[in-house]
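Chains as they are written, first to last, in my numbering: chain X, 3 to 327; chain G, 33 to 179; chain Z, 2 to 488.
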């Protein structure tokens, strides 16, 4: 009996130690004391990856620790986001977010094991609107040229774009619905290949994220007809916004909005510290200069504003998700 | 070159026929637009397997292959059991603890090496992995109860 | 343009790349991606020199494990083991490594020449590749299967179709329907090639190792005078010329699956050889062809990346990311606006291709004794390495389980004398074949006659169809001859 109780004591002690290791006892004032790991749920080289690596390059001085970028790709982001949702809410595990992709995954695959409120959104850093692109010598001089040609249901025009079930496709179909277009959306393996197809003359028009198109726009090989965003962008001052050009409200539902999130349950003071650090990164001149060079449109939103945006995006995607089926 | 015997060849071909048929049926359960290619492939594989089966009937029964020795199955069973236990352990014990156990255990199980070899080889391997992955390139390996 | 620091970084990058490349499961992509953060504190030329050196040397180093232990270090080296490992069994491991080193350096060097002087016209070629050309290219790749299944054509075809089928697992590229994934999210994007490769080759090799069926045959490995014997590579000038061309073009075409370059070059070498029947039994020609080609991919894959901002493969996508972080805008302006950095980077790639030669010779001279390690010690180490490789790709334990299941498949295939290389080829090409065919059909809005018509009118399509026809014809002819000899 004595032996038994001794064992019990040991087990209890072990359980206590374990509990101590797993449950954050109290948020220390000197957080962070070790590198913060940011999971990118996509392969290296993609839009989210490049943004996070740029942030990581500039974050050390504001964070007091390095920001380590770790790729965990698969299933269009589902695997990385599931892992983030399940990770320890101690402030050291955070991850890249991409709206509306997260919302689309959840809408198209309801069995996905993460929920959008499994996360506490730290901030948003980048917006990446969708543009319609043509080659510089295209017969479509303006977006209206294209809209007129694309209104004939007998002769559908091919539109190249990232897909299937991507934010680009959603944006294109949403616009086509409002404008009454009948187009043939051809899915490519990302915005890059879609632009290649455009440059190679396989299609006359492509829908893509602005960041993917930027270098070729600046080189004068392709031009953007319209940008699906509410306000004009300083990066492409001559390109009209969709709502203004067409005189109808077109939701910018497909605009990629990229930021950072932590698993829910993260202590408020740590969240605030992270938010403040990333706010300073996004305001630093060195970061802004390099971001501009890379065609990244920076738009910082704080935690509360990002949470609100997630709700809004969810509502928009839910309303339009049948277009993707 | 492996010894060809009729039993072995026929068995393989028959298994492939069944497998191809199963996948073919599965392929037809998806909408046509999404499964043209797998349907075509499995049909092709079914045909290849059937031809292989017919041809294998003509393979002469090699002499002395009738007595199947169970002992030839020991090495693969050892390898796959050891690997499966190892991977299972990683989820609970973490990478380094289970790797140490696996290396020592399997080297002993496979080859009855002495303690000096076991400890020096697994110690060296773990240190190398730690230096290369954790210290230098900062990959996070699975953590468990014991590191 | 290159400072001493950059030279030092090239050397360090080369050593790191050789380690990464020669360990099965650690790929060039991973090696480069892991080093991108390390370059933040460096000047652009320094950082890019480091990344370029890793890319070059890791592509080469995959041959080392292919030759020594019959497990390809990276997917590109799969065709290297076909003749590399038989050479090792014959006691020629040192020579095999020396030849692979020289061939890699030459392939890498000349594709860099192309990168330096012919980038814009070759980038034009990349743009001409439309969906239908990709589909035809995949068919051309499949036609190589005959070369890879010498002993039993039928089993080779079964292996190839099964590989194509495995590549289909996951999301349909046009409809988004998820197929054969059994509800496992890790399979939605298909079976990861690297994970499959580790399982397919490592585990069966370990079984062989511990069952002692691979007797060390007391092979005396001649390692003296390796440098002189390395020069034997120049016996194969024409072969290397064609292989470089193949690697370059496959590299330039974005997303063509650069690991098929080795296979195509192997097939080409075999068809043009005077002794095709010795391929697969340790003919240096096969080894030289595949190593020349897969290193020629390196320069090729950077051409569309630098000039168009479109990466040729996964590694160059990561390099491109690194480039952008260093403030370089890939695209048409790179060679003019940032000429200093761009040319500095290309020159560093030339150096990287030279630096791995002495390192490779050291491996050939001293590393060969590694294979004398008893199989019962080597086996567990190979498994442990395979596990960490499969895990580190996506940081996923499930991938490790997939690796084990495919390992079992590989073992069964080996037992039944089914060649594994067609399966790898199928896995590489399956996604491309299915996706690009579906896309070509979508582009013509399901008008099949129009698609067939355009396949026979577009010049590039016609060239690929012609090459495929030649490959199939020659393949059948050699099979037929073989039968005659056997009979």
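Here a beta-carbon is modelled for each residue, glycine too, at the ideal position from N, C-alpha and C. Since we're looking at a predicted model, the values are computed, not measured.
query	result
Closer than 9 Å between beta carbons: that is the criterion. Which residues of the stretch 199 to 215 of chain X meet it against chain Z?	199, 201, 202, 203, 204, 205, 214
Would you mind working out which of 20(Z), 27(Z), 202(Z), 372(Z) sits nearest residue 412(Z), comparing C-alpha positions?	202(Z)
Residue 100(X) to residue 435(Z), Cα distance in whole Å?	28 Å
Nearest-angstrom Cα distance between residue 47(G) and residue 166(Z)?	17 Å
DSSP has residue 95(X) in a bridge; who is on the other side?	39(X)
Could you check where the beta strand (DSSP E) with residue 1(Z) kicks off and where it finishes?	Past the boundaries of the shown model lies residue 1(Z); chain Z is included only from 2 to 488, so the question cannot be answered.
Counting C-beta neighbours from all protein chains within 10 Å, is the total for residue 2(X) 16 or more, i.e. buried, or is it exposed?	Nothing about residue 2(X) can be reported from this structure: the residues present for chain X run from 3 to 327 only.
Could you spell out the range, first to last residue, of the alpha helix (DSSP H) harbouring residue 103(Z)?	94 to 118
Starting from residue 165(Z), trace the beta strand (DSSP E) in both directions and tell me its first and last residue.	No beta strand (DSSP E) contains residue 165(Z), which is instead part of the alpha helix (DSSP H) from 154 to 169.
Do the CB positions of residue 255(X) and residue 102(X) come within less than 9 Å of each other?	yes
Check the Cβ of residue 193(X) against every Cβ in chain Z and list those closer than 9 Å, keeping chain order.	Neighbours of residue 193(X) on chain Z: none; closest Cβ ~10 Å, over 9 Å.
Over the uninterrupted beta strand (DSSP E) stretch that includes residue 265(X), give me the two end residues.	258 to 265
Between which two residues does the alpha helix (DSSP H) holding residue 82(G) run?	64 to 88
Beta-carbon of residue 41(G) versus every beta-carbon of chain Z: anything under 9 Å?	yes
Indicate whether residue 176(X) and residue 208(X) have their beta-carbon atoms separated by less than 9 Å.	no
Please compile the residues from chain X whose C-beta is within a distance smaller than 9 Å of the C-beta of residue 377(Z).	Chain X residues near residue 377(Z): none, gap ~35 Å exceeds 9 Å.
How is residue 47(Z) classed by DSSP in three states: helix, strand or coil?	helix
Excluding sequence positions up to five away, which residues of its chain have a Cβ less than 6 Å from the Cβ of residue 13(Z)?	none
What does the alpha-carbon distance come out to for the pair residue 113(G) and residue 292(X)?	52 Å
Could you name the residues of the stretch 190 to 211 of chain Z whose beta carbon sits closer than 9 Å to any beta carbon of chain X, in the order they occur along the chain?	190, 193
Tell me which residues share the same chain as residue 12(X) and place their Cβ nearer than 6 Å to its Cβ, disregarding the 5 neighbours each side in the sequence.	The pLDDT assigned to residue 12(X) is 44, lower than 50, so where the model puts this residue is not dependable, and the model offers no usable value.
Quick one, which of 237(X), 48(X), 84(X), 35(X) has its alpha-carbon nearest residue 68(X)'s?	35(X)
Look at the Cβ atom of residue 23(Z), then the Cβ atom of residue 74(Z), and state whether they are nearer than 9 Å.	yes
Since residue 56(Z) meets chain G, which of its residues come closer than 9 Å, beta carbon to beta carbon?	None at all; the shortest Cβ gap to chain G is about 16 Å.
Determine the burial state of residue 90(G): buried for a count of at least 16 other Cβ atoms within 10 Å of its Cβ, exposed for fewer.	exposed
Please report the residue range of the beta strand (DSSP E) in which residue 133(X) lies.	132 to 137
Do you know how far the Cα of residue 55(G) is from the Cα of residue 52(X)?	40 Å
Report buried or exposed for residue 464(Z), applying the criterion of at least 16 other Cβ atoms within 10 angstroms of its Cβ.	exposed
Is the beta carbon of residue 403(Z) closer than 9 Å to that of residue 69(Z)?	no
So is residue 239(Z) buried or exposed if we call it buried at 16+ other beta carbons inside 10 Å?	exposed
Quick one: list the residues of chain Z neighbouring residue 116(G), beta-carbon separation under 7 Å, in chain order.	405
Have a look at residue 51(G) and residue 178(Z) and give me their C-alpha separation to the nearest angstrom.	23 Å
Name the DSSP bridge partner or partners of residue 180(Z)?	171(Z)
Assuming residue 34(Z) contacts residue 388(Z) (C-beta within less than 8 Å), just tell me the rounded distance between them.	The Cβ separation is near 20 Å, so there is no contact.
Determine the extent of the alpha helix (DSSP H) in which residue 49(X) is found, giving its start and end residues.	49 to 65
In chain Z, which residues lie with their C-beta within 8 Å of the C-beta of residue 1(X)?	Given that chain X is displayed from residue 3 to residue 327, the structure contains no residue 1(X) and the question cannot be resolved.
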